[in-house]
Structure formats: structure tokens, C-alpha cells
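In numbering that gives the first Met the number 0, the protein residues as written are 0 to 455. Structure record follows, encoded as C-alpha cells.
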Amino acid sequence: MPVPGKSWLLVVAMVGAAGAVGAAPAAEPNTQVPSGSRHYAAGDLPDRIVASPAQDASTGFSVAWRTSPLATEAELELAIAGDSPDMGELRRITAGNRLLQTENGPSQHHRADIDGLQPDTLYAYRVQGKGGWSAWTHFRTAGAVSQPLTLLYFGDTQNKNLSHVSRVIRQGWQSAAEARLVLFAGDLVSGGDGEDDNEWGEWFAAGGGLLPGTAIAPAAGNHEYFEEFEDTPQERRVLGAHWPVSFALPGNGVAAAASTTYWFDYQGARVVVLDGTSALDLGTATAQARWLEGVLAASTRPWNIVVVHQPLYPLRAERDTSVLAGQIRPVLQHHKVDLVLQGHDHTYGRRAGDDAVLPQYISSVAGPKQYRLSPQARATMRPVAEDTQLFQVLRLDGQQLSYEARTATGRLYDAFRITRAADGSKQFDEVTEGRIPQRDCPRAASPKGRADRCWE
């Protein structure tokens, strides 16, 4: 007599094995939201909570969050974190707000700016919604310039954030649990398909607990923009409505790209964020270059990092970023910036500039959309990669900057060190021990049959 359940288990095992061996890879939808679902509609409790550094990250930070529309202004409550559930005397900050209408209905987005804080201090904060408060979240302010810093850098997330990107973010967090700062190099979502709010919902879901308790600093990519009056003589790039309300970024950028350029100091690093899309398509390259010149000239930090979405040395064929190369690159080279962190080309590649080993220009991708490298990129960059989701860990102190690029499973793909001498000069050293071999696309075409892509 058969044992109950045995034959069913055998069938499942056989079907699973057959599927694993014989099934052709299929393209997934961009979001996991069923058609017509309003799963990501704003509710009475706060969500999409994300913290970002103030210009001086040792004395302040800002928080953005979302709720259903409120009749009054929301508040943020703050206290120095302690071991008792009694939070003690609370500081209350009234938030500014903006309404947004999306495919999921109306939402109200709030921003609270917190200043006058103590350096290297753990604070607890919570934010208000229509139906109550969020959970208490811990956030530590930046420490002294000499204090070691670990940060994470992610290239484009963009597609299938919940199903594919979330594992890369989790692995990054597990590999560098001490990280206090996270940089995103643009194209956080794909956009333009009528599901913008669902995509942002999945980006925030993918980020999970990393976003409210860590200093998050994103660059805007071309997919944060949309084409207004498309296919007409009036066609132009317009920044999407989600970007200005989803993050509470420092308001110290160039006037020509005020919502998408900014800078801040975090311990030993000055981080400057540019808007490559505005520079290339909206004519702001010269203004951004002048502004960048001033920000870098005033920097007293031992390390200077610039984040921009489009690579100054493209990795994909038929990319033209010569405007960035002509306007921005001379400023980077003049000030001997250490790293230029980029995305956009959905591959991995690293190289030095034309005249010096610094800056190191790095392009990476965290999401599943994977392109193919151009022959030019293969000839001028080492290492390079296709078909690989990556995250990067940077560790900085006064004397050394160490860099690691790791795959979605945590394997070491690229590494180097920059050592700073007492006179301010810097030495660059490759670190090759422990790296896995070069990864190239094994497919003739993507699951949708595109020969110019490795994966969708």
C-alpha cells in the first residue's frame, strides 16, 4: 500500500528536475504587482522612510517618508538612543510636505531636516502618519574626519527591484554590516511604463531596513526622467515627480540642477553628486563643471568621491558622453579626485584616466538588466564583467582607501588600495589575491531575443 503523499512528492521532484534541466529562461515582468493591484497605495501608517546625510553629516541628517494625505503637518520625534523603552525628552520637528498623484492614488510626502546634533552619536527617531507612528529607528551621525568609514556603492538597480535587486542589497549589507553610508549611481527604477509608483514601492521594499537607518545618497539617472511631448518638436527631458519627494537631500547643488546635484562631508570623505542626464540633455554641463570646481577646491577632506550616472568612459557601444568628458573630466583630474562612481551601462569596468592613475573611473550594475561590453571597453578597462550583479564596499581612513567589488553571492571580483602619505601624495596598488575569473555573457541573446543584451 503506497505511503500517503509519497507519489505526490515523487511527481513534484520529477517535474522540478525536468523544469530545471529543460526549461528555457524566460523574461520576468518588471514588477511583481498583479495588474490592477494597488498594493503600494499610500496608507495611514508611514512608509518609504529613508534617511540622507546633511551637508555636514556629523551634525545633521534628513528624513523623507510617505503617508496617505493628512489634514495637518506630520512630525518627526527624536531622542538620543538608550537602553530603556523610555525615550525620555523628545525633540519634535514639523515636516514639510508635498502631494503626489500616481497610478496608486494620492500620497503625501514629508521631509524633516534635523540639525544641531552631536557627532558620532546614536539617535532614535520615528515619523508620524495619519493612523499612528512608525517604529523607532536608530541612526548614527558621522564621526570625526580621522574616524574609519565603511560605505556601500550600488550601480543601477532599475529593473525587478524586489525579485532580483533585493538579494544584492541584502548581501551587501551582510558583507559590510558596519556600513554607515550608501551611494546609488542612478536609475533606481525604470519608469515610463505607467507603473512608476509600483516601481518605487518595490525599490523601497528591496532596500528594507537599510534605508531608514543608514545615510542614503542617490544620484539621478536618465530613468528618473521622462520624455515630455515625446515624438514632437517640443520633446524634452523632465525630472519625474517621484524624485524630489522621495529623498531629503542636501539643497546645496548648482541652480541649473538644484534637485539632482548636491555634496556633503562624511568623516574623511567629501562626496559630490552630479546629474549626467541634465548635463547631456539639458545643457547644464558647464554650470555643473563650474560648481564642481568650487566644491572640490574647498574640500579639506583626505578623500574626494564623485558620483554620476553616465560613465565618462563608456562601456557600451554607441554611447556618447563626450560632453561630460569635455566639461567634467578636466575638473576631476585637476583636483585629483580619488574615485568616480558610475552606472548606466549595465556592465562592470574600471580604468584610470588618460594622464594619471587617479581618479579611478568605475561603472557597475546591481540589477538584472545586463548589457554587453564594447570592444573599446574590453581594450581599455581591467577588470570588466558581463552577466554579473555586483555591489561595492569601500573602507576609508586617513591613510588608506580600500575598494572591493563583490558579486551577488559575495565573491570578490575586483579590489585595490590607495595609500595616502604624510605629504598628501597617494599610491595606487592593485589587489589580485582572491579574485574570481573574468565573467562574460554566455548567451547569444537575452531571454527576449535581444542580441545587444545578455539579460533583461
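Backbone N, C-alpha and C define an ideal beta-carbon position, used for all residues, glycine too. Since the model is a prediction, treat every value here as computed from it, not as a measurement.
- Collapsing the DSSP output to three states places Pro-329 in a helix.
- With 16 or more other Cβ atoms inside 10 Å of its own Cβ, Thr-276 counts as buried.
- Setting aside the 5 residues that flank it on each side, Gly-104 is surrounded in the same chain by Ala-40, each with a C-beta closer than 6 Å to its C-beta; the list follows chain order.
- As the crow flies, the alpha-carbon of Ala-255 is around 20 Å from that of Ala-216.
- Bridge pairing for His-137: Ala-123 [DSSP].
- Counting every other CB atom within 10 Å of its CB across the protein chains shown gives Thr-156 a total of 16 or more, marking it as buried.
- In the DSSP annotation of this structure, the continuous segment of the alpha helix (DSSP H) that includes Asn-197 starts and ends at 195-206.
- Rounded to the nearest whole angstrom, the C-alpha separation of Ile-79 and Thr-120 is 8 Å.
- Closest in C-alpha terms to Ile-113, from the list Ser-106, Gln-107 and Tyr-124, comes Tyr-124.
- The Cβ atoms of Val-322 and Leu-331 do not sit closer than 8 Å to each other.
- The closest CA to that of Leu-238, considering only Thr-259, Gly-448 and Met-86, is found on Thr-259.
- With 16 or more other Cβ atoms inside 10 Å of its own Cβ, Pro-45 counts as buried.
- In the DSSP annotation of this structure, His-345 is not part of any beta strand (DSSP E), being labelled neither H nor E.
- In the same chain as Val-49, and ignoring 5 residues on each side of it, the C-beta atoms closer than 8 Å to its own belong to Val-62, Ala-63, Trp-64, Phe-203, Gly-206, Leu-210, Pro-211, Ile-215, Ser-245, Phe-246 and Ala-247, in chain order.
- By the criterion of a C-beta distance shorter than 6 Å, Ala-288 is surrounded in its chain by Gln-326, Ile-327 and Val-330, once the five residues flanking it on both sides are discounted.
- By the Cβ neighbour-count rule, His-163 is buried, with 16 or more other Cβ atoms within 10 Å of its own.
- Rounded to whole angstroms, the separation of the alpha carbons of Ala-444 and Gly-200 is 30 Å.
- Between Gln-127 and Phe-263 the beta-carbon gap is near 26 Å, outside 8 Å, which marks them as no contact.
- Residue environment analysis places Pro-68 among the exposed positions, since fewer than 16 neighbouring C-beta atoms fall within 10 angstroms of its C-beta.
- Residue state for Pro-310 is assigned as coil, using DSSP reduced to three classes.
- Listed as beta-bridge partners of Trp-454 by DSSP are Gln-369.
- The three-state reading of DSSP puts Asp-114 in coil, since its state is none of H, G, I, E or B.
- Here Asp-264 is bridged, per DSSP, to Asp-55 and Arg-269.
- Contact between His-334 and Asn-303 holds, since their C-beta atoms are separated by about 7 Å, short of 8 Å.
- For the pair of segments examined, the region 390-409 was found not to touch the region 370-380: the number of CB pairs separated by less than 8 Å stays below three.
- Just measuring C-alpha positions, the residue of Thr-30, Gln-107, Phe-60 and Pro-441 sitting nearest Thr-66 is Gln-107.
- Its chain contains Phe-390, Arg-405, Ala-407, Thr-408 and Gly-409 as the residues whose beta carbon lies nearer than 8 Å to that of Gln-170, once the 5 sequence neighbours on both sides are disregarded; these appear in chain order.
- The beta carbon of Glu-72 is closer than 7 Å to those of Thr-93, Ala-94 and Asn-96 in its chain, skipping five residues each way along the sequence.
- According to the DSSP assignment, Asp-43 belongs to no alpha helix (DSSP H), since it is labelled neither H nor E.
- Per DSSP, the continuous beta strand (DSSP E) segment holding Gln-341 begins and ends at 338-341.
- The three-state reading of DSSP puts Gly-293 in helix, counting H, G and I together.
- For secondary structure counted as the beta strand (DSSP E) over 3 or more consecutive residues, the region 156-194 holds these complete runs in sequence order: 180-183.
- Of all alpha-carbon atoms in Phe-225, Met-86 and His-109, the one lying nearest the alpha-carbon of Lys-129 is that of His-109.
- Nearest to Pro-436 by C-alpha distance, out of Leu-357, Arg-381 and Asp-428, is Arg-381.
- Take the alpha-carbon of Val-383 and the one of Trp-132: they are about 46 Å apart.
- Residue pairing of Trp-64 in beta bridges, as defined by DSSP: His-109.
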